[in-house]
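Numbering (our numbering), first residue to last: 3 to 207.
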């Protein structure tokens, strides 16, 4: 939904993604946490074990079933996100949903059951762009309320392979010079931070 004016003078209604691009770091963090909790309350009104109505627990983020005593907590889905560099270039990809905005970003994907974070990085990179990476280094993490992800960031070096974009996921992927970057995510996002970190690493060489 686009921004629209509301009744209160000086106030404007914006989506959570619009708030992200406004680069209000503190506001995005607080509202993102609230957004995830609201999503949890909406999707856990009934017990997943017996189907009875649940009630909110006052002293913690949880929904409780009085029939079977099952207690549910907000779901957190781990995702990896990785910035890849090779000499003086950085690999960036444009997802299918960013075709119109022409925004390029780092690669990311959900961690699968029974998979380590490092294994997820190698798998996702190969699936999405067909290359292999090496020398993974943990960078940072960020909660991501779309709807309940925890982004775990890595920086990696290119190892081998030619770019081959995954159909229906990646619209385009290229190696970019750090002095000629395309449109990229804002630095309030972990993707923007990873790109800035990689540019700094390349610049220090």
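In this text, a Cβ means the ideal position worked out from N, Cα and C, and glycines have one as well.
If you're wondering where the values come from, they're calculated on a predicted model, not measured in any experiment.
Spatial distance of residue i from residue j (CA atoms)
i, j, result
"residue 54", "residue 43", "15 Å"
"residue 109", "residue 65", "34 Å"
"residue 140", "residue 198", "15 Å"
"residue 200", "residue 56", "46 Å"
"residue 14", "residue 148", "22 Å"
"residue 138", "residue 125", "13 Å"
"residue 231", "residue 10", "Since the displayed the chain opens at 3 and closes at 207, residue 231 lies outside it and no answer follows."
"residue 3", "residue 17", "Model confidence at residue 3 stands at a pLDDT of 35, short of 50, so the residue's coordinates are unreliable; what they give is reported in the following sentence. Whole-angstrom Cα-Cα distance: 6 Å."
"residue 187", "residue 103", "11 Å"
"residue 123", "residue 87", "14 Å"
"residue 268", "residue 30", "Any answer about residue 268 is impossible in this case: the structure gives the chain only from 3 up to 207."
"residue 180", "residue 190", "19 Å"
"residue 146", "residue 34", "7 Å"
"residue 59", "residue 32", "21 Å"
"residue 61", "residue 85", "39 Å"
"residue 106", "residue 12", "33 Å"
"residue 52", "residue 91", "54 Å"
"residue 194", "residue 37", "22 Å"
"residue 192", "residue 182", "20 Å"
"residue 184", "residue 89", "18 Å"
"residue 63", "residue 142", "25 Å"
"residue 67", "residue 177", "52 Å"
"residue 127", "residue 114", "14 Å"
"residue 70", "residue 100", "45 Å"
Inter-residue CB distance, residue i and residue j (contact presumed, cutoff 8 Å)
i, j, result
"residue 96", "residue 174", "5 Å"
"residue 2", "residue 83", "Look at the range of the chain in this structure, 3 to 207, and you will see that residue 2 is not part of it."
Option in the options with minimal Cα separation from residue i
i, options, result
"residue 112", "141, 78 and 61", "78"
"residue 144", "182, 59, 136 and 81", "81"
"residue 158", "142, 101 and 135", "135"
Closer than 6 Å: residue i CB and nearest the ligand FAD heavy atom
i, result
"residue 39", "This structure does not include the ligand FAD; it has no bound ligands of any sort."
message: Between the region 66–74 and the region 148–159, can you find at least three pairs of beta-carbon atoms closer than 8 Å?
response: no
| task | Would you be able to state if there are at least three C-beta pairs under 8 Å between the region 119–133 and the region 161–178? | result | yes
| Segment contact flag, the region 83–96 with the region 170–186, C-beta cutoff 8 Å, min 3 pairs | yes
Check: Pairing CB atoms from the region 45–53 with CB atoms from the region 117–125, are three or more of them under 8 Å?
Finding: no
Note to self: Quick check on the DSSP output: what are the complete alpha helix (DSSP H) runs of length 4 or more inside the region 49–114, in order along the chain?
What the structure shows: none
Q.
So within the region 117–165, which uninterrupted beta strand (DSSP E) runs reach at least 3 residues, ignoring any that extend past its ends?
A. 134–146 and 151–162
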